[in-house]
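Engineer:
Numbering (the working numbering), first residue to last: 122 to 334.
1. Answer with buried or exposed for residue 215, where buried requires no fewer than 16 other C-beta atoms within 10 angstroms of its C-beta.
2. How many angstroms separate the CA atom of residue 165 from the CA atom of residue 156?
3. If the criterion is Cβ atoms closer than 8 Å, does the pair residue 247 and residue 255 meet it?
4. What did DSSP end up calling residue 244 once you bin it into helix, strand or coil?
5. Quick one: what's got a C-beta closer than 7 Å to residue 225's C-beta in the same chain, skipping five residues either side?
6. What distance in whole Å lies between the Cβ atoms of residue 196 and residue 250, which are believed to be in contact at a cut-off of 8 Å?
7. Among the candidates 287, 321, 302, whose CA atom is the shortest distance from the CA of residue 220?
8. Take the Cβ of residue 285 as the centre, count every other Cβ of all protein chains shown within 10 Å, and call the residue buried at 16 or more, exposed below.
9. Quick check on residue 160: does DSSP put it in helix, strand or coil?
10. Taking 8 Å as the cut-off, decide whether the C-beta atoms of residue 204 and residue 266 are in contact.
11. Between residue 322 and residue 292, what straight-line distance do the alpha-carbon atoms span, to the nearest angstrom?
12. By a C-beta neighbour count over all protein chains shown, 10 Å radius and 16 as the cutoff for buried, is residue 259 buried or exposed?
13. Hey, could you find the ends of the alpha helix (DSSP H) residue 177 is sitting in?
14. Could you tell me whether any Cβ in chain C is nearer than 8 Å to the Cβ of residue 222?
15. Tell me whether the beta-carbon of residue 199 lies closer than 8 Å to the beta-carbon of residue 154.
16. Taking buried to mean at least 16 other C-beta atoms within 10 Å of its own C-beta, is residue 140 buried or exposed?
17. On the DSSP letters alone, give me the boundaries of the alpha helix (DSSP H) that residue 208 sits inside.
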């Protein structure tokens, strides 16, 4: 694998940024994130993204100067909270919906987190961008769901398990591929939520239909 130092422009480029349409810029961002998922962070180069998106590599360097800045910008472009808007009126059902939603995106998000694993330990901007886009919005939305459950009296405010719900959810998303070679899909995460999270919150699990056998 070529060392990172070679991933630089061959000639000095002007510091002025080009005028890109938002659609074209997003095309660059989508391309670099997908290549990171498929090949890993270290294997991705500005030249490779330029070839994929049919642009000159000088365009990318003019816009973002370095690969870490480019990837950080791409991460921020995809910032969203998929848990925002989940509000069924029941904490247990909200958490089941959180599990289903996380499972639907598990493959994409977990691959990206794994691919960026080492890079974020050596680049503070990448680490900050990752937290701002894939971690903090989801944790904030999850804590809001838990807060509403406390306000409705479904769980005691002093329940020590409340603090650890985000760590439980994000932890199982990261570790299942390591332990079992599979991503945590919606069915797996709902079962995890019912077996490990809801009981810890004193909510119990959804009653199972009686066996007909």
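Just so it is clear, CB atoms sit at the ideal spot from N, CA and C, and this is done for glycine as well.
Structural biologist: By the coordinates alone:
1. For this step, residue 215 is matched to residue 94 along the chain shown. Classification of residue 215: buried, given that the 10 Å Cβ count is 16 or more.
2. Along the chain shown, read from residue 1 onward, the residue named residue 165 stands at position 44. Along the chain shown, read from residue 1 onward, the residue named residue 156 stands at position 35. Distance between the alpha carbons of residue 165 and residue 156 is about 6 Å.
3. Residue numbering aside, residue 247 sits at position 126 when the chain shown is read from its first letter. Residue numbering aside, residue 255 sits at position 134 when the chain shown is read from its first letter. No.
4. Sequence index remark: in the chain shown, residue 244 carries index 123 (1-based). Correct three-state label for residue 244: coil.
5. Locating residue 225 in the chain shown gives position 104, where the first residue counts as 1. So the list reads 307, once near-sequence residues are dropped.
6. The count along the chain shown starts at 1 and reaches residue 250 at position 129. The count along the chain shown starts at 1 and reaches residue 196 at position 75. Indeed, because the Cβ distance is near 4 Å, the residues count as touching under 8 Å.
7. Mapped onto the chain shown, residue 220 falls at position 99. Of the listed residues, the one whose Cα sits closest to residue 220 is 287.
8. For the purposes of this step, residue 285 is identified with residue 164 of the chain shown, where counting begins at 1. That one is exposed.
9. As a working note, residue 160 is residue 39 in the chain shown. Helix, per DSSP.
10. As a position in the chain shown, residue 204 is number 83, starting the count at 1. As a position in the chain shown, residue 266 is number 145, starting the count at 1. Yes.
11. Position 201 of the chain shown, counted from the start, is the residue given in the question as residue 322. Position 171 of the chain shown, counted from the start, is the residue given in the question as residue 292. So the alpha carbons of these two residues sit roughly 18 Å apart.
12. Taking the chain shown and counting its residues from 1, the one referred to as residue 259 is at position 138. Residue 259 should be labelled buried.
13. Stepping through the chain shown from its first residue, residue 177 is reached at position 56. From DSSP, residue 177 is part of no alpha helix (DSSP H); its letter is neither H nor E.
14. The chain labelled as chain C is not found in the depicted structure, where only one protein chain is given.
15. By 1-based counting over the chain shown, the position of residue 199 is 78. By 1-based counting over the chain shown, the position of residue 154 is 33. A contact, by the Cβ cut-off of 8 Å.
16. Along the chain shown, read from residue 1 onward, the residue named residue 140 stands at position 19. The residue in question, residue 140, is exposed, as its Cβ has fewer than 16 Cβ neighbours within 10 Å.
17. On the chain shown, position 87 is the one that residue 208 refers to. Note, residue 208: premise wrong, no alpha helix (DSSP H); not H, not E.
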